[in-house]
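In our numbering, the protein residues as written are 349 to 744. Using N, Cα and C, we set each Cβ at its ideal position, and we do this for glycine too.
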Ligand SMILES: [Zn+2]
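In structure tokens form, the structure reads like this:
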């Protein structure tokens, strides 16, 4: 099969010429370049005045949460069979807008792994899923109800080994409290630096990356010092507002830790919540500082945790959040494709359009390098060379 279109952005380098063809075989890109007259029309899917992009990668979702006002109660009302069915629909809605890879950073009962495997080997078309299983948290801590309670360096190591035995793709740990659970505030640390270091060490010993959820500055600093691969949220929350120590900002920017900001919100869905809204300007300022200083910033969604966070919301973060911290259109797309793939440790398979990589392709009308809102205008989505079902699409 050949996909042809007017423009192509491979995820790294804007191209000067028009009229492209990508040859896809066995789910992979085998060749790409300028369209030639010799292509057999029977083998060509011509997408017309479109731009071919790498599929988008959302490095932080929760497929088990339903993006309602009370996702926790909703989760607890479902048994695993019903929950898995709902997760499947959420993943397919994400795929329909071009999100071909979802990193699920916290489920219940390892259901994200079951879903991953069904999309990988079954007849159903779904996005690639990297799943963490139940996130590590202290007893009674942030999202304890997902089943990941663990404490002390030994307890944390054992919890990582349990997840490895289940076959997870990534380890998620709640370094600080969060918004969904009230025992620890987002600014308060849950784990010590020694516990975080034990989790990182055990994860790395098994070849896995560790994603640390951290809002408060101490949690952020401890996760950085412990060697976490990514810091999720990174809001610098205090009890009252937002306060980032310039010295910590500089250390973050100089390190190669990924800063995964859940900057995608659905416009109009009373987004973001009132208590967050007043902090947003300060958060954006800090991330602008981090980006200018060379920090490795990626936009994610934290999809599922509230009404402004449906599972297909990521493109809004590309259009609305990343430019506000100073990214060009090309940089915003690169952050959400090529860089996001590196953050997930899958850059050898996805993230850019090049021969040898999986055919995870998003075709949009127009030219997103000139007008980023073009990425909302989806013409077709392919995951491993298979086209996503249009009926799974959802209003934006
Ligand atoms: Zn989350």
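Task: DSSP three-state assignment for residue 570, whether helix, strand or coil - done: Counting from one through the chain shown, the residue named residue 570 turns up at place 222. Reduced to three states, the DSSP call for residue 570 is helix.
Task: Supposed close pair residue 712, residue 725 - CB separation, criterion 8 Å - done: By one-based count along the chain shown, residue 712 stands at place 364. By one-based count along the chain shown, residue 725 stands at place 377. Contact flag correct, Cβ pair sits at about 5 Å.
Task: Helix, strand or coil at residue 524 [DSSP, three-state] - done: Here residue 524 refers to the residue found at position 176 when the chain shown is read from its first residue. In the structure shown, residue 524 sits in a strand (DSSP, three-state: E or B).
Task: Opening and closing residue of the alpha helix (DSSP H) in which residue 491 lies - done: Here residue 491 corresponds to residue number 143 of the chain shown, with the count starting at 1. From DSSP, residue 491 is part of no alpha helix (DSSP H); its letter is neither H nor E.
Open item on the list: If I measure Cβ to Cβ from residue 498 and keep anything under 8 Å in the same chain, skipping five residues before and after, which residues do I get?
Closed with: Taking the first residue of the chain shown as position 1, residue 498 is located at position 150. The residues are 484, 485, 486, 504, 506 and 507.
Task: For residue 555, the nearest candidate out of 513, 539, 354 and 669 (CA to CA) - done: Mapped onto the chain shown, residue 555 falls at position 207. Here the closest residue by C-alpha is 513.
Open item on the list: Within 10 Å of its beta-carbon, does residue 349 have 16 or more other beta-carbons around it, so buried, or fewer, so exposed?
Closed with: One-based indexing of the chain shown puts residue 349 at position 1. Counting Cβ neighbours within 10 Å, residue 349 comes out exposed, since fewer than 16 surround it.
TODO: Pull up the distance between the alpha-carbon of residue 439 and that of residue 474, whole angstroms please.
DONE: As a position in the chain shown, residue 439 is number 91, starting the count at 1. As a position in the chain shown, residue 474 is number 126, starting the count at 1. If I take the Cα positions, the gap works out to 7 Å.
Task: Cβ shell of residue 721 (< 8 Å), same chain only, five flanking positions each side left out - done: Here residue 721 refers to the residue found at position 373 when the chain shown is read from its first residue. These residues qualify, in order along the chain: 667.
Task: Which listed residue (471, 423 and 406) has its alpha carbon closest to that of residue 441 - done: Translated into the one-based positions of the chain shown, residue 441 becomes position 93. It is 406.
Task: Where residue 376 sits in the DSSP three-state scheme - done: The count along the chain shown starts at 1 and reaches residue 376 at position 28. Strand at residue 376.
Open item on the list: Looking only at its chain, what residues have a beta carbon closer than 7 Å to the beta carbon of residue 689, apart from the 5 residues adjacent to it on each side?
Closed with: Numbered from its first residue, the chain shown carries residue 689 at position 341. Counting only Cβ-Cβ distances below 7 Å, and skipping sequence neighbours, we find 405, 695, 698 and 699.
Task: Alpha-carbon to alpha-carbon, residue 430 and residue 361 - done: Counting from 1 along the chain shown, the entry for residue 361 is found at position 13. Counting from 1 along the chain shown, the entry for residue 430 is found at position 82. So the two alpha carbons sit approximately 43 Å from each other.
TODO: Note down the Cα distance separating residue 534 from residue 714, rounded to an integer number of angstroms.
DONE: What you label residue 534 is simply residue 186 of the chain shown in a count that begins at 1. What you label residue 714 is simply residue 366 of the chain shown in a count that begins at 1. Approximately 41 Å between the Cα atoms of the pair.
Open item on the list: Could you tell me the alpha carbon to alpha carbon distance between residue 591 and residue 452, rounded to whole angstroms?
Closed with: Taking the first residue of the chain shown as position 1, residue 591 is located at position 243. Taking the first residue of the chain shown as position 1, residue 452 is located at position 104. Each residue's Cα considered, the two are about 29 Å apart.
TODO: Please list, in chain order, all residues of the same chain as residue 428 whose beta carbon is under 8 Å from its beta carbon, the five residues on each side excluded.
DONE: By one-based count along the chain shown, residue 428 stands at place 80. If we look at residue 428 and ignore the five residues flanking it on each side, its Cβ neighbours are 456, 457 and 459.
Task: Inter-residue spacing [alpha-carbon to alpha-carbon] between residue 744 and residue 395 - done: For the purposes of this step, residue 744 is taken as residue 396 along the chain shown, with counting starting at 1. For the purposes of this step, residue 395 is taken as residue 47 along the chain shown, with counting starting at 1. At residue 744, the pLDDT of 39 sits below 50, so the modelled position is not reliable and the matter cannot be decided from this model.
Task: Enclosing beta strand (DSSP E) for residue 451 [first to last residue] - done: Counting from one through the chain shown, the residue named residue 451 turns up at place 103. Residues 447–452.
TODO: Would you please state the rounded distance, in angstroms, between the beta carbons of residue 376 and residue 707? I believe it to be under 8 Å.
DONE: Residue numbering aside, residue 376 sits at position 28 when the chain shown is read from its first letter. Residue numbering aside, residue 707 sits at position 359 when the chain shown is read from its first letter. About 6 Å; that satisfies the 8 Å criterion.
Open item on the list: By the DSSP assignment, the alpha helix (DSSP H) with residue 609 in it spans what residues?
Closed with: Numbered from 1 along the chain shown, position 261 holds the residue referred to as residue 609. Where residue 609 is concerned, there is no enclosing alpha helix (DSSP H), although the beta strand (DSSP E) it sits in stretches over 606–609.
TODO: Quick one: using the 10 Å Cβ neighbour count with 16 as the cut-off for buried, is residue 589 buried or exposed?
DONE: Residue 589 sits at position 241 when you count from the first residue of the chain shown. When all chains shown are included, residue 589 counts as exposed.
- [ ] May I have the straight-line CA-CA distance separating residue 557 from residue 604, to the nearest angstrom?
- [x] If you number the chain shown from 1, residue 557 lands on position 209. If you number the chain shown from 1, residue 604 lands on position 256. C-alpha separation (whole angstroms): 13 Å.
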